Amino acid sequence: MPELPEVETVCRTLRPYLCGRVIEDFELRWRRTLANDCQQAFEERVIGNSIADVTRRGKLVVLVLGSGDWITIHLRMTGELLFREDRSVARTPEREPYLRAIFALSHYAELDFYDTRKFGRITLVNKVELIRLGNELGLEPLSPTFTVDALAHILQRRRRLKSLLLDQTAIAGLGNIYVDESMFRAGTHPLRPANELQHAEIVRLHSAIIDVLTMAVESRGTTLRDYRSGLGEQGTNQERLLVYGKKQGSPCSVCGTPLERMTIGQRTTVYCPTCQPLYGSNQA
DNA sequence: CACTGAGCCTGCTAGC
DNA sequence: TGCTAGCAGGCTCAGT
Numbered sequence: 001m002p003e004l005p006e007v008e009t010v011c012r013t014l015r016p017y018l019c020g021r022v023i024e025d026f027e028l029r030w031r032r033t034l035a036n037d038c039q040q041a042f043e044e045r046v047i048g049n050s051i052a053d054v055t056r057r058g059k060l061v062v063l064v065l066g067s068g069d070w071i072t073i074h075l076r077m078t079g080e081l082l083f084r085e086d087r088s089v090a091r092t093p094e095r096e097p098y099l100r101a102i103f104a105l106s107h108y109a110e111l112d113f114y115d116t117r118k119f120g121r122i123t124l125v126n127k128v129e130l131i132r133l134g135n136e137l138g139l140e141p142l143s144p145t146f147t148v149d150a151l152a153h154i155l156q157r158r159r160r161l162k163s164l165l166l167d168q169t170a171i172a173g174l175g176n177i178y179v180d181e182s183m184f185r186a187g188t189h190p191l192r193p194a195n196e197l198q199h200a201e202i203v204r205l206h207s208a209i210i211d212v213l214t215m216a217v218e219s220r221g222t223t224l225r226d227y228r229s230g231l232g233e234q235g236t237n238q239e240r241l242l243v244y245g246k247k248q249g250s251p252c253s254v255c256g257t258p259l260e261r262m263t264i265g266q267r268t269t270v271y272c273p274t275c276q277p278l279y280g281s282n283q284a
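Numbering of the first sequence is given in my numbering, commencing with residue 1 and proceeding in unit increments.
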């Protein structure tokens, strides 16, 4: 499922193809894919507008329009943005049932939004709402503002570490895959109360998050099933996962201890009980 | 405040 | 082989 590295890859692949294009038309094939449920108002503000930039905020793909409005696209679980150079060429017919929205672009190009599970959302964000959105979302973990001190500040609440790391208002962009991978590399148990982490653990967690995300961006994302870049390519980061998706009892890649699976906040969690002790490692 | 569970969705798969 | 129950999970909302 797309998290920060996948969304970043989508943005990077789409940017050179979308910047400067004009949105000539919009077609909605599943009504709820458009978040505010007013297609007419959406089209009035979007059609005829140009795409000035393609950026990312947390897990949101952001199309910055010439007018200053934003179109944000949340891929959720199975959302996929696919650029097509020539819209007169027929689409792959077997994918067509999952096509939810279509942006017709200048010079015969097209941006297709596929979404099997229909969880994805396209939203028009005006300049006022944009400020609110910026305040709601948490720190960007790959930006210079994500320091050890900033992470320590976030972790002051007495909450399960995993739940806090998944909270988009705390840190924007982490999902189930990269939270499990980060906690494993940091050696912190997912059920640890966040405010009980020692400074040395916070330092390890900070660099683990940055390392895991940086590696995944370099691998162009994790493709477990649906995820593709803006040009339809798969990522390769699935080869580098150490705990996510592993079966209960499969050996830890570091110490060989059988991995454990549990559900935390309705999410499957895989961890190593030896490498990630519940009561904290007193080392360092 | 922290946590739980339902709901949104559909394809895949484990198990009968 | 064919069917079905359950799982996958980001996010919001209501309830404990």
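In this text, a Cβ means the ideal position worked out from N, Cα and C, and glycines have one as well. Computed from a predicted model, the values in this text were never measured in an experiment.
Alpha carbons only, please: which of the options is nearest the one belonging to residue i?
| i | options | result |
| --- | --- | --- |
| THR116 | SER143, ASN126, LEU130 and LEU81 | LEU81 |
| LEU75 | GLY230, LEU142 and LYS247 | GLY230 |
| THR269 | TYR244, CYS252 and LEU124 | TYR244 |
| VAL209 | ILE177, LEU164, SER182 and ALA90 | Residue identity differs from the one stated: residue 209 is Ile in this sequence, not Val. With distances taken between Cα atoms, ILE209 lies closest to SER182. |
| ARG32 | PHE119, GLU8 and LEU18 | PHE119 |
| ALA90 | ALA186, ASP112, GLY175 and TRP70 | ASP112 |
| TYR114 | GLY265, PRO141 and TYR227 | TYR227 |
| ALA152 | CYS272, ALA216 and GLU201 | GLU201 |
| ALA104 | THR92, LYS59, ILE51 and VAL64 | ILE51 |
| VAL10 | LEU259, GLY232 and THR263 | GLY232 |
For residue i, which of helix, strand or coil comes out of DSSP?
| i | result |
| --- | --- |
| GLU233 | coil |
| SER50 | strand |
| ARG174 | The question names Arg, but residue 174 in the sequence shown is Leu. Three-state DSSP puts LEU174 in coil, outside helix and strand. |
| ASP25 | strand |
| ARG45 | helix |
| LEU205 | helix |
| GLU260 | strand |
| THR169 | coil |
Could you check if residue i is buried or exposed, using at least 16 other CB atoms within 10 Å of its CB as the buried criterion?
| i | result |
| --- | --- |
| ASN126 | exposed |
| ASN255 | Asn is not the amino acid found at residue 255; the sequence shown has Cys there. Under this definition CYS255 is an exposed residue. |
| VAL148 | exposed |
| GLN156 | exposed |
| LEU278 | exposed |
| GLY265 | exposed |
| ARG87 | buried |
Along the chain, where does the alpha helix (DSSP H) that runs through residue i open and close?
| i | result |
| --- | --- |
| THR9 | 4-18 |
What is the residue span of the beta strand (DSSP E) that residue i lies within?
| i | result |
| --- | --- |
| ALA194 | Neither: ALA194 is in no beta strand (DSSP E) and is coded neither H nor E. |
| VAL62 | 60-65 |
Unbroken alpha helix (DSSP H) runs of length 4 or more, entirely within the segment 210-258: which are they?
-> Counting whole runs of 4 or more residues, the segment 210-258 contains no alpha helix (DSSP H) stretch at all.
In chain order, which beta strand (DSSP E) runs of at least 3 residues are fully inside the segment 107-163?
-> Unbroken beta strand (DSSP E) stretches of 3 residues or longer found wholly inside the segment 107-163: 110-115 and 121-125, given in chain order.
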